[in-house]
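**Student:** I am attaching a structure below and will ask some questions about it afterwards.
2 protein chains.
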Amino acid sequence: MIKRTINRLFIYKNALNHFKKLGFVKVFSDNLADAVGVTPSQVRKDFSAFAISGNRRGGYRVNDLLENINKILGKNKVEEVIVVGSGNIGRALIRYNEGFMKENIKIVAAFDTDSSKADRDNAIPILPFEEMADFIREKGIKVGIIAVPDGAAQHVFEVMANAGIKGVMNFAPIMLKGTPTAVISNVNLALELENIIYYVNAGESAAYL
Amino acid sequence: MIKRTINRLFIYKNALNHFKKLGFVKVFSDNLADAVGVTPSQVRKDFSAFAISGNRRGGYRVNDLLENINKILGKNKVEEVIVVGSGNIGRALIRYNEGFMKENIKIVAAFDTDSSKADRDNAIPILPFEEMADFIREKGIKVGIIAVPDGAAQHVFEVMANAGIKGVMNFAPIMLKGTPTAVISNVNLALELENIIYYVNAGESAAYL
DNA sequence: TAGATTGTTAATCGATTAACAATC
DNA sequence: TAGATTGTTAATCGATTAACAATC
Numbered sequence: 060m061i062k063r064t065i066n067r068l069f070i071y072k073n074a075l076n077h078f079k080k081l082g083f084v085k086v087f088s089d090n091l092a093d094a095v096g097v098t099p100s101q102v103r104k105d106f107s108a109f110a111i112s113g114n115r116r117g118g119y120r121v122n123d124l125l126e127n128i129n130k131i132l133g134k135n136k137v138e139e140v141i142v143v144g145s146g147n148i149g150r151a152l153i154r155y156n157e158g159f160m161k162e163n164i165k166i167v168a169a170f171d172t173d174s175s176k177a178d179r180d181n182a183i184p185i186l187p188f189e190e191m192a193d194f195i196r197e198k199g200i201k202v203g204i205i206a207v208p209d210g211a212a213q214h215v216f217e218v219m220a221n222a223g224i225k226g227v228m229n230f231a232p233i234m235l236k237g238t239p240t241a242v243i244s245n246v247n248l249a250l251e252l253e254n255i256i257y258y259v260n261a262g263e264s265a266a267y268l
Numbered sequence: 060m061i062k063r064t065i066n067r068l069f070i071y072k073n074a075l076n077h078f079k080k081l082g083f084v085k086v087f088s089d090n091l092a093d094a095v096g097v098t099p100s101q102v103r104k105d106f107s108a109f110a111i112s113g114n115r116r117g118g119y120r121v122n123d124l125l126e127n128i129n130k131i132l133g134k135n136k137v138e139e140v141i142v143v144g145s146g147n148i149g150r151a152l153i154r155y156n157e158g159f160m161k162e163n164i165k166i167v168a169a170f171d172t173d174s175s176k177a178d179r180d181n182a183i184p185i186l187p188f189e190e191m192a193d194f195i196r197e198k199g200i201k202v203g204i205i206a207v208p209d210g211a212a213q214h215v216f217e218v219m220a221n222a223g224i225k226g227v228m229n230f231a232p233i234m235l236k237g238t239p240t241a242v243i244s245n246v247n248l249a250l251e252l253e254n255i256i257y258y259v260n261a262g263e264s265a266a267y268l
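If you want it as structure tokens, here you go:
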């Protein structure tokens, strides 16, 4: 699926930046494959899908490759995102903001239905949920993170989508329904850990999940 | 792959607990499929793979299903895990601990090479990295979370693996090499967001990533 | 019984890998 | 040139979906 190819493109980009920092001028599909854990065929196939070409015998020039990939992935300006829910996950994400900044992602505000949690003076202000829709519209926010309790997630999603949000990272363990105008990615750290624990207790090893 | 089936089993379990709370006594493959976003065939296939059976015409009894799934997934006792790195992600995870507790997962300690960050009085103590190996051995810890800078991740992983860690959730954007005795799951929230942003800017919609 | 749903097999779909001719 | 690596096609692999006989 092209989704996976796009995802790997981001990963290749990351590896290439490492290589560049190490002074590499050229890389071979073999090098990239090793670095990110796929086969060399996969690397070449992925590039081929986007008409990125190297030199037979000479591999790929790191700078050219990065330029090509960046053109495809279009990472240029900072993307402003919002977080809804200032519980454990929400606050954790806000605190992790500087990690996102490295990738040109900036959390610009958080929202919470409990307006007693409002804190407009914070570097990343925490605002009452009622202000969210206007905020989204005014600032033209396109991406939001849902970090509210299960029961509230669907409603929050609908309000977001109505206000113009086009992409959502959802930490609530439910399927968001309706409004097929947004890209949704579900993240569940506890589920991830549960899976790891399952394989550990099952005595499995040497597996990448 | 059976990995995906196991993962879905955890998700079914979650949905079933919801159903149970709502008073459902029976569910059909259709209900579960709707709830978690797969096809009814998939649900039946997954159950079939573990010889879980229902009643033709009568669907599955919620309690029986939960019992069967729990038997397979073996979730009973609390699993103690450690976190290495008390930077942004590490601290965020520690703070999210109560979210993990709901799934019987407990972060019991964090470790950091910067021993000035040590804090033995915290509910979840932050200890010097040098103490980690002994801690793992003494407490029989099997699962660890790597939340250190890229450059340190490989070394941390090796120390962990040598001390007996069998499962790792890795937040560093690198492929951990060697030591094929541990299950590894890579998590990269920034990458997840980058993907969402890509599709939003590409004008795609209605996609689950 | 008639009808609806399971359980399972077969068909489809898509992604990964292998292989190799082209070529730098 | 000889040798190594790409680019792409074909083969493989595995997962999902469809279909339907079994049956409650």
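In the order they appear, the protein sequences are chains A and B. Taken in order, the first sequence gives residues 60 to 268; the numbers are from our numbering. Taken in order, the second sequence gives residues 60 to 268; the numbers are from our numbering. All residues carry an ideal CB built from backbone N, CA and C; glycine is no exception. Predicted model only: the values in this text are computed from it and were never measured.
Suppose the cutoff is 7 Å on Cβ atoms and the five residues either side in sequence are ignored; what does the same chain contact list for residue 142/A look like?
**Tutor:** So the list reads 149, 152, 153, 166, 169, 204, 206, once near-sequence residues are dropped.
**Student:** Are three or more beta carbon pairs between the region 223 to 242 of chain A and the region 195 to 203 of chain A nearer than 8 Å?
**Tutor:** Yes, they touch.
**Student:** Should residue 117/B be flagged as near chain A, meaning a C-beta pair shorter than 8 Å?
**Tutor:** Residue 117/B does not count as touching chain A.
**Student:** In chain order, what residues of the same chain have a beta carbon less than 8 Å from the beta carbon of residue 190/A, not counting five sequence neighbours either side?
**Tutor:** Result list for residue 190/A: 170, in chain order.
**Student:** Report the rounded CA-to-CA distance for residue 248/A versus residue 131/B, giving the unit in angstroms.
**Tutor:** One C-alpha to the other measures close to 21 Å.
**Student:** Within the 8 Å Cβ cut-off, does residue 145/B reach chain A?
**Tutor:** No, no contact with chain A.
**Student:** Along chain B, which residues have their Cβ under 9 Å away from the Cβ of residue 102/A?
**Tutor:** Per Cβ cutoff of 9 Å: no residues; residue 102/A is ~14 Å from chain B at best.
**Student:** 8 Å is my cut-off, CB to CB: does residue 86/B come that close to chain A?
**Tutor:** So, not an interface residue.
**Student:** Output yes or no for whether 8 Å exceeds the beta carbon distance between residue 18/B and residue 254/A.
**Tutor:** Nothing about residue 18/B can be read from this structure; chain B reaches only from 60 to 268.
**Student:** Expressed to the nearest angstrom, what Euclidean distance is found between the alpha-carbon atoms of residue 103/B and residue 88/B?
**Tutor:** Each residue's Cα considered, the two are about 6 Å apart.
**Student:** Rank 159/B, 76/B, 219/B, 174/B by C-alpha distance to the C-alpha of residue 121/B and give the top, closest one.
**Tutor:** Comparing Cα positions, the closest option is 76/B.
**Student:** First and last residue of the alpha helix (DSSP H) that includes residue 102/B?
**Tutor:** Run containing residue 102/B: 99 to 108, per the alpha helix (DSSP H) assignment.
**Student:** Select from 127/A, 193/A, 234/A, 261/A the residue whose C-alpha is nearest the C-alpha of residue 241/B.
**Tutor:** Residue 261/A is the option with its Cα nearest to residue 241/B.
**Student:** If we call anything under 8 Å between Cβ atoms a contact, is residue 235/B one with residue 216/B?
**Tutor:** Taking 8 Å as the Cβ cut-off, residue 235/B and residue 216/B qualify as a contacting pair.
**Student:** CB residue 86/B to CB residue 119/B, shorter than 8 Å?
**Tutor:** Yes. Within cutoff.
**Student:** Determine the closest residue to residue 108/B out of 176/B, 127/B, 138/B, with distance taken between C-alpha atoms.
**Tutor:** Among 176/B, 127/B, 138/B, the Cα nearest to that of residue 108/B is on 127/B.
**Student:** Considering Cα atoms alone, identify which of 194/A, 110/A, 145/A is closest to residue 139/A.
**Tutor:** The shortest C-alpha separation from residue 139/A is found at 194/A.
**Student:** Following the continuous alpha helix (DSSP H) through residue 229/B, name the residue where it begins and the one where it ends.
**Tutor:** Careful: residue 229/B lies outside any alpha helix (DSSP H), inside the beta strand (DSSP E) at 226 to 229.
**Student:** Across which residues does DSSP place residue 170/B in a beta bridge pair?
**Tutor:** Paired residues: 143/B, 186/B.
**Student:** Could you tell me the distance, in whole angstroms, from the CA atom of residue 219/B to the CA atom of residue 198/B?
**Tutor:** Cα to Cα, the separation comes out at about 13 Å.
**Student:** Should residue 142/A be flagged as near chain B, meaning a C-beta pair shorter than 8 Å?
**Tutor:** It does not: the Cβ of residue 142/A has no partner Cβ on chain B nearer than 8 Å.
**Student:** Cβ closer than 7 Å: which chain B residues qualify as neighbours of residue 66/A?
**Tutor:** Simply 254.
**Student:** For the region 196 to 244 of chain B, which segments carrying the beta strand (DSSP E) assignment without a break, of at least 3 residues, lie completely within its bounds, in sequence order?
**Tutor:** Those beta strand (DSSP E) runs which fall completely within the region 196 to 244 of chain B and span 3+ residues are 202 to 205, 226 to 229.
**Student:** Going by alpha carbons, who is nearest to residue 162/A out of 70/A, 263/A, 63/A, 257/A?
**Tutor:** That would be 70/A, whose Cα lies nearest to the Cα of residue 162/A.
**Student:** Output needed in chain order: residues of the region 200 to 228 of chain B with a Cβ under 7 Å from some Cβ in chain A.
**Tutor:** From the region 200 to 228 of chain B, only 201, 202, 225, 226, 228 have a Cβ closer than 7 Å to chain A.
**Student:** Starting from the C-beta of residue 222/B, find all residues in its chain whose C-beta is less than 6 Å away, skip the five residues before and the five after it, and write them out in chain order.
**Tutor:** Cβ within range, chain order: 192, 195, 196.
**Student:** For residue 234/B, would you say it is in contact with chain A, using Cβ-to-Cβ distances shorter than 8 Å as the test?
**Tutor:** It does: the Cβ of residue 234/B has a partner Cβ on chain A nearer than 8 Å.
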